[in-house]
Amino acid sequence: MGTTLLTGTVVVIALGFAFTNGFHDAANSVAATIATRAVTTRGALAMAAVLNLLGALLGTQVALTVGSGIVDVDDVVGVRGLLIAGSALVGALAWNLLTWWRGLPSSSSQALIGALAGAGLAGGAQVHWERLPQVAVAPMVLSPLIGLVAAWALTSLLRAWLAAQPYGRTMTRFCLTEAVSSAMMALGHGLQDAQKTMGVILLTLLAGGATELAAGTWMGGLRIIRTLGGDIAPIDASQGFVAQSVSAVVLYVAAFVGGAPVSTTCTAAAAITGAGLAPRSRQVGWGTVGRIAFAWFVTLPAAGAVAALLSWGLTALV
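Residue numbers for the sequence shown follow our numbering, so the first one is 371 and each next one is one higher.
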């Protein structure tokens, strides 16, 4: 296969991953809004698709981190470098499809980072293991923890105030603010996730990745929306507003301050859990939380193993 054809193939795979990222992670920004009926399902997905597209074009810091902060794919020039990049994308894409099929929220970010490290190691590229704690592990651990604690604290304060308010009228007002927080979350998801995909190849393809992410979001992953929107904890509009606002702030700070790739899925799930744990809130579905936590642990090594096996087999042929 010629270099030009192989390059085109890798680009197509990258755009395919961006598309699966969109419908896999569509739940992140709209699940709470749909669950509380603040916005209709199709209306929420349309809004998220547009804002994902715009968010993807706001910066390139995350793309630069993913493109060179973990594996120097560019140092392995020619066919070998393309095979490593393609293997990483296939590994992450395969994990996205498997977890979507199971209706399991998992991190596309962790899948891509694990796949990059696995493919690079097996393919002979330089893997910056010393950078992984800073650019991957710390953001992936801290973002859900911050989301959980901040959502719990803010919801607890808000619940104390709501106790003295007319519930029905107050919730109606919160439906509007929840829709705004959902839009903020969708913009942050585009800012984070489209750049991760395009960081593997060329920054000039950022617009293509943004378009595919938006298209995938419009298609929507209803299985995962149901998991995030109702199975973690039954929430009302005030809790949805807090969970989405906290998640959005985490995404913006990570992208603009540190250029750090964080998991929008794990951050959103943790924030919803935190909102559900607040006083005067309903019970958290710990079985669902456990499934999400299990996926959080296994995503990085599982995607890395698939990508490593593919990279080892393909690079051995050149």
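A virtual CB, placed ideally from N, CA and C, is assigned to each residue, including glycine.
A distance below 7 Å separates the beta carbons of PHE544 and PHE611. By the 16-neighbour rule on beta-carbons within 10 angstroms, GLY674 is buried. Exclusion of the five residues before and after THR373 leaves GLY448, VAL449 and LEU452 as the residues of its chain whose Cβ lies within less than 8 Å of its Cβ.
LEU515 and VAL688 have their C-alpha atoms spaced approximately 44 Å apart. Between THR406 and ALA607, the beta carbon gap of about 5 Å places them in contact (Cβ cut-off 8 Å). In this structure, the alpha-carbon of LEU424 lies about 39 Å from that of ALA534. CA-CA distance, VAL659 to VAL441, rounds to 32 Å. Here the alpha carbons of MET417 and ALA553 stand approximately 7 Å from one another. For GLN614, the enclosing alpha helix (DSSP H) starts and ends at 607-623. When Cβ pairs closer than 8 Å are counted between the two stretches, the segment 500-517 is seen to touch the segment 614-631, the count reaching three or more.
LEU428: not part of any alpha helix (DSSP H); DSSP gives it neither H nor E.
Counting of Cβ neighbours within 10 angstroms places ALA630 among the buried residues, the total reaching 16 or more. The three-state secondary structure of VAL400, taken from DSSP, is helix. Spatial neighbours of ALA549 in its own chain (CB-CB distance under 7 Å, excluding positions within 5 residues in sequence) are listed in chain order as THR403, ALA408 and VAL409. For ILE440, there is no enclosing alpha helix (DSSP H), since its DSSP letter is neither H nor E. Distance from the CA of VAL507 to the CA of ALA455, rounded to the nearest whole angstrom, comes to 21 Å.
When secondary structure is reduced to three states using DSSP, VAL511 falls in the helix class. Judged by DSSP secondary structure, GLN480 falls within the alpha helix (DSSP H) whose first and last residues are 478-493. For the pair PHE387 and ALA462, the CB atoms are nearer than the 7 Å cut-off.
The beta carbons of GLN609 and SER551 sit no closer together than 7 Å. DSSP places LEU467 in the uninterrupted alpha helix (DSSP H) bounded by 448-471. Checking the DSSP bridge columns, you'll see VAL497 partnered with VAL441. With respect to ALA489, SER633 sits apart: the two C-beta atoms are not nearer than 7 Å.
Judged by DSSP secondary structure, GLY683 falls within the alpha helix (DSSP H) whose first and last residues are 656-685. By the neighbour-count criterion, in which a residue is buried when 16 or more other Cβ atoms sit within 10 angstroms of its Cβ, GLY538 is exposed. Secondary structure at LEU474: coil, using DSSP grouped into helix, strand and coil.
At the C-beta level, LEU421 and LEU532 stay beyond 7 Å of one another. Around the C-beta of THR643, 16 or more other C-beta atoms lie within 10 Å, and the residue is accordingly described as buried. When the beta-carbon positions are compared, ARG529 and ALA665 stay at least 7 Å from each other. In the structure shown, ALA530 falls within a helical segment according to DSSP collapsed to helix, strand and coil. In the same chain as GLY484, and ignoring 5 residues on each side of it, the C-beta atoms closer than 7 Å to its own belong to THR669, LEU670, PRO671, ALA673 and GLY674, in chain order. Distance between SER526 and GLY628, taken at the CA atoms: about 29 Å.
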